[in-house]
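Below is one structure; the comments refer to it alone.
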Amino acid sequence: MTDLIIYIVEPDLTNGRSLVELLTNHGHRSELYSSGEKLLEQFKPNRQGILILALDLPGIAGIDLLLHLTQLAPYLPVIAVSQRGDVSTAVKAIKSGALTLVEKPVTADAILEALAEAFQYQHRCRRAESKRQKVMRLMHSLTSKEREVLDRLVEGMPNKQIARRLDIGLRTVELRRSNILKKFGVKSLAEAVKIAILYELYMEDNLVPEGPDIDGLGSPAT
Numbered sequence: 011m012t013d014l015i016i017y018i019v020e021p022d023l024t025n026g027r028s029l030v031e032l033l034t035n036h037g038h039r040s041e042l043y044s045s046g047e048k049l050l051e052q053f054k055p056n057r058q059g060i061l062i063l064a065l066d067l068p069g070i071a072g073i074d075l076l077l078h079l080t081q082l083a084p085y086l087p088v089i090a091v092s093q094r095g096d097v098s099t100a101v102k103a104i105k106s107g108a109l110t111l112v113e114k115p116v117t118a119d120a121i122l123e124a125l126a127e128a129f130q131y132q133h134r135c136r137r138a139e140s141k142r143q144k145v146m147r148l149m150h151s152l153t154s155k156e157r158e159v160l161d162r163l164v165e166g167m168p169n170k171q172i173a174r175r176l177d178i179g180l181r182t183v184e185l186r187r188s189n190i191l192k193k194f195g196v197k198s199l200a201e202a203v204k205i206a207i208l209y210e211l212y213m214e215d216n217l218v219p220e221g222p223d224i225d226g227l228g229s230p231a232t
């Protein structure tokens, strides 16, 4: 079994226990809750998990719970389960943050297929978060003076124009540019600019999971 937890929120405990048994037989750990309120009492946003959520809940509505959880844990894959499998229900669930919708009565094949999709989504999210952290670390390794030069390089300015704009010597610009490449672990200006642009996207919360490939960067260039 893995450390990942599959949360199940299902008011029909017979259905819920059947899901627990199915998941256990496939090597997954799960926790069953009969309502959204009970899940929220135990939910840990930083814990790696997947949520199977029945939308027809007592108390807090399934869609409302879904919206709340996607705020608490943006990368949490949610498999919505509903008596209604029509297009409007699916669209509403997905717009509210669900990865997919499975219609009741839930079959083993349907839930396992949805789980496979959830695992793939989680893998992409982990890669995206690792990339984001790497970009942040690289950018924060620069001094304020190096950032000034990099900002102008991103704008497409040549070294001489940067020197005039910042009122510094050309040799100073070249030195700072060289330091940027070394700290980023890259050999070309284009690679450094890609990192800077990706950083700006992250700062604007425009997460780009499949952005420029920066694996292997951050080591001294050879």
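For the sequence shown, the working numbering gives the first residue as 11, with consecutive numbering after it.
C-beta atoms are modelled at their ideal positions from N, C-alpha and C, and glycine is treated no differently.
None of these values were measured; they are calculated from a predicted model.
Worksheet entry | Sufficient close CB pairs (3 or more, under 8 Å) joining the region 156–167 to the region 179–191 | yes
Worksheet item: What does residue 41 pair with, by DSSP beta-bridge criteria?
Response: As a first step, residue 41 must be located in the sequence shown, where it is residue number 31. In the DSSP output, where bridge partners are listed per residue, residue 41 has 17.
Fill in: Cβ-based burial, residue 37 [other Cβ within 10 Å; buried from 16]
Stepping through the sequence shown from its first residue, residue 37 is reached at position 27. Exposed, by the Cβ-count rule.
Worksheet item: For residue 26, is the classification buried or exposed, using 16 other Cβ atoms within 10 angstroms of its Cβ as the cut-off for buried?
Response: Residue mapping note: residue 26 aligns to position 16 of the sequence shown, counting from 1. Counting Cβ neighbours within 10 Å, residue 26 comes out buried, since at least 16 surround it.
Worksheet item: Does the pairing of the region 167–187 with the region 135–150 give three or more beta-carbon distances under 8 Å?
Response: no
Discussion item. Can you check which of these residues, 71, 193, 178, 47, is closest to residue 147 by C-alpha distance?
Written reply: Taking the sequence shown and counting its residues from 1, the one referred to as residue 147 is at position 137. When each option's Cα is compared against that of residue 147, the closest is 193.
Worksheet entry | Among 106, 155, 195, nearest to residue 81 - alpha-carbon criterion | Counted from its first residue, the sequence shown places residue 81 at position 71. Cα-wise, what sits closest to residue 81 is 106.
Item to complete: Could you say which of 22, 75, 119, 69 lies nearest to residue 103 if we only look at CA atoms?
Response: If you number the sequence shown from 1, residue 103 lands on position 93. Ranking the options by Cα distance to residue 103, first place goes to 75.
Worksheet entry | residue 89 - DSSP class collapsed to helix/strand/coil | By one-based count along the sequence shown, residue 89 stands at place 79. Of the three classes helix, strand and coil, the one that applies to residue 89 here is strand, per DSSP.
Worksheet item: Residue range of the alpha helix (DSSP H) that residue 112 falls in?
Response: Stepping through the sequence shown from its first residue, residue 112 is reached at position 102. Per DSSP, residue 112 belongs to no alpha helix (DSSP H); it is in the beta strand (DSSP E), 110–113.
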